[in-house]
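Visitor:
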Amino acid sequence: MSGDWELLTPLLWAAAGETAFMVLITLLVGGFLGLALGLGLYLTRPGNLLGNRFVFAVLNLAVNVVRPVPFIIFLVALGPLTRAVIGSTIGIEAFTFAMCFMATFVFARLVEQNLVSIDPGVVEAARAMGASPFRIVRTVLVPEALAPLILGYTFLFVGVLDMSAIGGYLGAGGLGDFAIVQGYRQYDWAVTAVVVVIIVLIVQAVQWLGNLLARRALRR
Amino acid sequence: MSTRTSSSIIRFEGAAKVFPGRGRSAEVRAVDGVTLDIRDGEIFGVIGQSGAGKSTLVRLINALERTTAGDVVVDGVSLGSLNEARLRPVRAGIGMVFQQFNLLASRTVSGNVAYPLEVAGWPRAKRDARVAELLEFVGLADKAGVHPAALSGGQKQRVGIARALATNPRILLADEATSALDPETTRDVLDLLQRVNRELGVTVVVITHEMDVVRSICHRVAVMDRGRVVEVGEAYQVFSAPAHDVTRRFVATALRDRPSPEVLERLRARHTGHIVTVGVDEVAGSSAVLTRTLREHGVDGTVVFGGITEVAERPYGSLTVELVGEVAAVEASVAALRVVTWVDDHGRAAA
Chain B
1 MSGDWELLTP
11 LLWAAAGETA
21 FMVLITLLVG
31 GFLGLALGLG
41 LYLTRPGNLL
51 GNRFVFAVLN
61 LAVNVVRPVP
71 FIIFLVALGP
81 LTRAVIGSTI
91 GIEAFTFAMC
101 FMATFVFARL
111 VEQNLVSIDP
121 GVVEAARAMG
131 ASPFRIVRTV
141 LVPEALAPLI
151 LGYTFLFVGV
161 LDMSAIGGYL
171 GAGGLGDFAI
181 VQGYRQYDWA
191 VTAVVVVIIV
201 LIVQAVQWLG
211 NLLARRALRR
Chain R
1001 MSTRTSSSII
1011 RFEGAAKVFP
1021 GRGRSAEVRA
1031 VDGVTLDIRD
1041 GEIFGVIGQS
1051 GAGKSTLVRL
1061 INALERTTAG
1071 DVVVDGVSLG
1081 SLNEARLRPV
1091 RAGIGMVFQQ
1101 FNLLASRTVS
1111 GNVAYPLEVA
1121 GWPRAKRDAR
1131 VAELLEFVGL
1141 ADKAGVHPAA
1151 LSGGQKQRVG
1161 IARALATNPR
1171 ILLADEATSA
1181 LDPETTRDVL
1191 DLLQRVNREL
1201 GVTVVVITHE
1211 MDVVRSICHR
1221 VAVMDRGRVV
1231 EVGEAYQVFS
1241 APAHDVTRRF
1251 VATALRDRPS
1261 PEVLERLRAR
1271 HTGHIVTVGV
1281 DEVAGSSAVL
1291 TRTLREHGVD
1301 GTVVFGGITE
1311 VAERPYGSLT
1321 VELVGEVAAV
1331 EASVAALRVV
1341 TWVDDHGRAA
1351 A
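Protein sequence lines correspond, in order, to chains B and R. Per this note's numbering, the very first residue in the first sequence carries number 1; after that it's consecutive. Per this note's numbering, the very first residue in the second sequence carries number 1001; after that it's consecutive.
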């Protein structure tokens, strides 16, 4: 039953590398664009700094439409756009592109929800001191919401790791693919268990780090 | 006193702010055609119940809210003609303190005070020196490195005042600056605002629903009701001769010196003589006038209710007195008192 670990270990390392690539790119791109989109949602909400009913409605609708679509269906639906941008609908790049897309929308909502909790009085005070909207974003909104933003980003990491598990579907490889191909399909539960343990350990470590950083940001 | 002049620094010219109705809710005329001059160097109070429009009115001065009709002229600049980007330097030249302090929780005390200086583009060294000077002025030099969460309400408001003064503004707006504080801390913060006015010559606009705040520091006051200014004048004038019902109610809350009908009923039960309430103000001097007048008419007076306080540093209040003596002498003494002050004659018990 138990597989040959001398053969499996290099494959496991390769799979871990693929997962790291997918997750890190997605966290970087999705984190940045999600922050921007989330700020856009917050700022354009009617009554806020750049309140604009129309822009807000469009952004809000986009987030509401994309977010609830199951990722495996979203992958297929995004196919034409993926082909246009990446040149192919399969492979690790195509898959990572779709992940970035979904992560942006997921994180945008998280960012917006965290910003809403900021006391509007603080924003008003900054306006009264002559600060521009861009300065307020940089010096008030992000620093004031930093702790919840870090926790939201940690949450995003877990979600992104989850998404990456179906990478095999588009031939992107990764730990999820390894667990299915080398474990499930070979009836080798030990291999699957090893992958599960690795993923749990990674999630635990990242969550610990996120909590630590958030706590440090809150130490006031 | 301060460098009070009669030249106007803030002028409302038929200023109005209407918030459009949403859905089924009607539009709100928060400020409804206000024309008003605030003079350079004075402490000007705006008093009104919550919802009277005073917070919106003060926000028209630094254009946090834009007028929907009329104009506001600050230091000769018509705000109505400026776009958002042009308004920013105007705002930077006007300090503002808030009821809930609105300090940045992510910054230390000195970081908060430095914020407006960063916005104004001061170089770091100049900024540090200015922050130290300001914290010294408000008495918080030892709290520079502390985060706001570790401060008391009064200390937070002093940081708020230091921050508002950072860029040497000529105008300071205080929006219910003491409403979240206990009475003793309120006193400290009001003293500080008075120092800002006297020592720095800053024009202070105080928004409040507490007549006590007006009583203790304001030179002039405007009374607001439903978006309109219903009365404006020297604080002492408004206090001693309130012309509007709303003003009268506020005056009554500041000094509970006039007996209510229930109190009067109890006074009658206790005292059989003729009961009058006599105003005590600058003109009537003090209760000495009352004492002398009664003595001249051979009438005995016993103070049974009342109070005297200071408004704009002048005596103000009333005494309710039981007069005992010959009917004619009592009548004559009341007539004599009427010459120097106001008298409310409650008469004698019907029995």
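We treat Cβ as the ideally placed atom computed from N, Cα and C, and that holds for glycine. In this text the structure is predicted, and so the values were computed from the model without any measurement.
Are the CB atoms of R/Val1196 and R/Ile1161 nearer to each other than 8 Å?
Guide: Stepping through the second sequence from its first residue, residue 1196 of chain R is reached at position 196. Stepping through the second sequence from its first residue, residue 1161 of chain R is reached at position 161. Yes, Cβ-Cβ distance for R/Val1196 and R/Ile1161 is below 8 Å.
Visitor: For R/Arg1091, which option in R/Leu1079, R/Ile1009 and R/Gln1099 has the closest C-alpha, if you only look at C-alpha atoms?
Guide: If you number the second sequence from 1, residue 1091 of chain R lands on position 91. Nearest Cα to R/Arg1091 within the set R/Leu1079, R/Ile1009 and R/Gln1099: R/Leu1079.
Visitor: Is any beta-carbon of chain B found at less than 8 Å from that of R/Pro1089?
Guide: Here residue 1089 of chain R refers to the residue found at position 89 of the second sequence. Yes, because at least one Cβ of chain B sits closer than 8 Å to the Cβ of R/Pro1089.
Visitor: Could you tell me which chain B residues have their CB closer than 9 Å to the CB of R/Met1096, listed as they occur along the chain?
Guide: Looking up residue 1096 of chain R in the second sequence gives position 96. Neighbours of R/Met1096 on chain B, chain order: Glu124, Ala125, Ala128 and Met129.
Visitor: For the stretch 140-158 of chain B, which residues have a CB atom closer than 8 Å to at least one CB atom of chain R, in sequence order?
Guide: Val140, Pro143, Glu144 and Leu146
Visitor: Per DSSP, which residues does R/Thr1302 bridge with? Please list them.
Guide: Position 302 of the second sequence, counted from the start, is the residue given in the question as residue 1302 of chain R. Looking at the DSSP assignment, R/Thr1302 forms a beta bridge with R/Glu1322.
Visitor: At a CB distance below 8 Å, what residues from the stretch 22-34 of chain B approach chain R? Give them in sequence order.
Guide: none
Visitor: Quick check: is the beta carbon of B/Arg135 nearer than 8 Å to any beta carbon in chain R?
Guide: Counting from one through the first sequence, the residue named residue 135 of chain B turns up at place 135. At least one chain R Cβ lies under 8 Å of B/Arg135.
Visitor: Give the range of the alpha helix (DSSP H) segment to which R/Arg1195 is assigned.
Guide: Taking the second sequence and counting its residues from 1, one reaches residue 1195 of chain R at position 195. Residues Pro1183 to Leu1200.
Visitor: Sorted by chain position, which residues of the same chain lie with C-beta nearer than 6 Å to B/Thr89's C-beta, five sequence neighbours on each side aside?
Guide: The residue labelled residue 89 of chain B in the question sits at position 89 within the first sequence. The residues are Gly79, Thr82 and Arg83.
Visitor: Is it true that the CB of B/Ala125 sits closer than 8 Å to the CB of R/Asn1102?
Guide: For the purposes of this step, residue 1102 of chain R is taken as the residue at position 102 of the second sequence. For the purposes of this step, residue 125 of chain B is taken as the residue at position 125 of the first sequence. Cβ distance < 8 Å, so R/Asn1102 and B/Ala125 count as in contact.
Visitor: Should the stretch 173-190 of chain B be called in touch with the stretch 11-19 of chain B, which here means at least 3 C-beta pairs below 8 Å?
Guide: yes
Visitor: What does a CB cutoff of less than 8 Å around R/Arg1266 pick up in its chain, not counting 5 residues either side in sequence?
Guide: The count along the second sequence starts at 1 and reaches residue 1266 of chain R at position 266. Counting only Cβ-Cβ distances below 8 Å, and skipping sequence neighbours, we find nothing.
Visitor: Please list, in chain order, all residues of the same chain as B/Val195 whose beta carbon is under 7 Å from its beta carbon, the five residues on each side excluded.
Guide: Position 195 of the first sequence, counted from the first residue, corresponds to residue 195 of chain B. The answer, listed in chain order, is Leu175, Phe178, Ala179 and Gly183.
Visitor: Out of R/Asn1062, R/Ser1318, R/Ile1061 and R/Thr1108, which one is the CA nearest neighbour of B/Ala217?
Guide: The residue labelled residue 217 of chain B in the question sits at position 217 within the first sequence. For the residues R/Asn1062, R/Ser1318, R/Ile1061 and R/Thr1108, the minimum Cα distance to B/Ala217 belongs to R/Thr1108.
Visitor: Taking 8 Å as the CB-CB cut-off, is B/Ser132 touching chain R?
Guide: In the first sequence, the residue the question calls residue 132 of chain B occupies position 132. Yes, B/Ser132 counts as interfacial toward chain R.
Visitor: How many angstroms separate the CA atom of B/Ala94 from the CA atom of B/Pro120?
Guide: Along the first sequence, read from residue 1 onward, the residue named residue 94 of chain B stands at position 94. Along the first sequence, read from residue 1 onward, the residue named residue 120 of chain B stands at position 120. Taking the CA atoms as reference points, B/Ala94 sits about 41 Å from B/Pro120.
Visitor: Output, in chain order, the set of chain B residues within a Cβ distance shorter than 7 Å of R/Pro1116.
Guide: The sequence position of residue 1116 of chain R within the second sequence is 116, counting from 1. In chain order: Met129.
Visitor: Are the C-beta of R/Leu1190 and some C-beta of chain B separated by less than 8 Å?
Guide: One-based indexing of the second sequence puts residue 1190 of chain R at position 190. So, not an interface residue.
Visitor: By the 10 Å Cβ neighbour count, where 16 or more other Cβ atoms means buried, how is R/Pro1148 classified, buried or exposed?
Guide: Numbered from 1 along the second sequence, position 148 holds the residue referred to as residue 1148 of chain R. R/Pro1148 comes out buried.
Visitor: Measure from the alpha carbon of B/Phe74 to the alpha carbon of each residue in B/Pro46, B/Tyr169 and B/Thr192, then state which is nearest.
Guide: Taking the first residue of the first sequence as 1, we reach residue 74 of chain B at position 74. Cα-wise, what sits closest to B/Phe74 is B/Tyr169.
Visitor: For B/Met1, which of helix, strand or coil comes out of DSSP?
Guide: Start at 1 with the first residue of the first sequence, and residue 1 of chain B comes out as number 1. Only weak support is given to the placement of B/Met1: the predicted model assigns it a pLDDT of 46, under 50, and the value that follows is read from those uncertain coordinates. B/Met1: coil per DSSP, three-state reduction.
Visitor: May I ask you to report which of helix, strand or coil DSSP gives B/Gly210?
Guide: For the purposes of this step, residue 210 of chain B is identified with residue 210 of the first sequence, where counting begins at 1. B/Gly210: helix per DSSP, three-state reduction.
Visitor: Is the Cβ-Cβ distance between B/Phe107 and B/Gly210 less than 8 Å?
Guide: Residue numbering aside, residue 107 of chain B sits at position 107 when the first sequence is read from its first letter. Residue numbering aside, residue 210 of chain B sits at position 210 when the first sequence is read from its first letter. No.
Visitor: Less than 6 Å between C-beta atoms, sequence neighbours within five positions excluded: which residues of the same chain meet that for R/Thr1352?
Guide: There is simply no residue 1352 of chain R to check, as chain R begins at 1001 and stops at 1351 in what is shown.
Visitor: For B/Ala131, tell me which candidate among R/Trp1122, R/Arg1127, R/Glu1176 and R/Tyr1115 has the shortest Cα-Cα distance.
Guide: By one-based count along the first sequence, residue 131 of chain B stands at place 131. It is R/Tyr1115 whose Cα lies nearest to the Cα of B/Ala131.
Visitor: Which residues mark the beginning and the end of the alpha helix (DSSP H) in which R/Ile1061 is found?
Guide: Here residue 1061 of chain R refers to the residue found at position 61 of the second sequence. Its alpha helix (DSSP H) spans residues Lys1054 to Ile1061.
Visitor: Across the stretch 1045-1053 of chain R and the stretch 1210-1218 of chain R, are there enough close Cβ pairs to call them in contact, namely three or more that are closer than 8 Å?
Guide: Yes, the stretch 1045-1053 of chain R touches the stretch 1210-1218 of chain R.
Visitor: Helix or strand or just coil, what does DSSP make of R/Pro1116?
Guide: Translated into the one-based positions of the second sequence, residue 1116 of chain R becomes position 116. Helix, per DSSP.
Visitor: Can you tell me whether B/Phe56 is helix, strand or coil according to DSSP?
Guide: To locate residue 56 of chain B, count along the first sequence from 1; it is residue 56. Three-state result, B/Phe56: helix.
Visitor: Please check the pair B/Val23 and B/Ser164, which I expect to be a contact at CB under 8 Å, by giving their CB distance rounded to whole angstroms.
Guide: Here residue 23 of chain B refers to the residue found at position 23 when the first sequence is read from its first residue. Here residue 164 of chain B refers to the residue found at position 164 when the first sequence is read from its first residue. Yes, they are in contact, since the Cβ atoms of B/Val23 and B/Ser164 sit about 6 Å apart, within 8 Å.
Visitor: Any Cβ of chain B within less than 8 Å of the Cβ of R/Leu1104?
Guide: By one-based count along the second sequence, residue 1104 of chain R stands at place 104. R/Leu1104 counts as touching chain B.
Visitor: Tell me whether B/Val195 counts as near the ligand GDP, meaning its Cβ is closer than 7 Å to at least one heavy atom of that ligand.
Guide: Questions concerning the ligand GDP fall outside what the structure shown contains, since it holds no ligand whatsoever.
Visitor: I need the straight-line Cα distance from B/Ile199 to R/Arg1127, nearest angstrom please.
Guide: Mapped onto the first sequence, residue 199 of chain B falls at position 199. Mapped onto the second sequence, residue 1127 of chain R falls at position 127. Here the alpha carbons of R/Arg1127 and B/Ile199 stand approximately 49 Å from one another.
Visitor: Do you know offhand how far R/Asp1245's Cα is from R/Gln1100's?
Guide: Along the second sequence, one-based indexing puts residue 1245 of chain R at 245. Along the second sequence, one-based indexing puts residue 1100 of chain R at 100. Looking at the two C-alpha atoms, the distance is approximately 30 Å.
Visitor: CA-CA distance, B/Gly91 and B/Arg45?
Guide: Your numbering for residue 91 of chain B matches position 91 in the first sequence. Your numbering for residue 45 of chain B matches position 45 in the first sequence. Roughly 38 Å between the two C-alpha positions.
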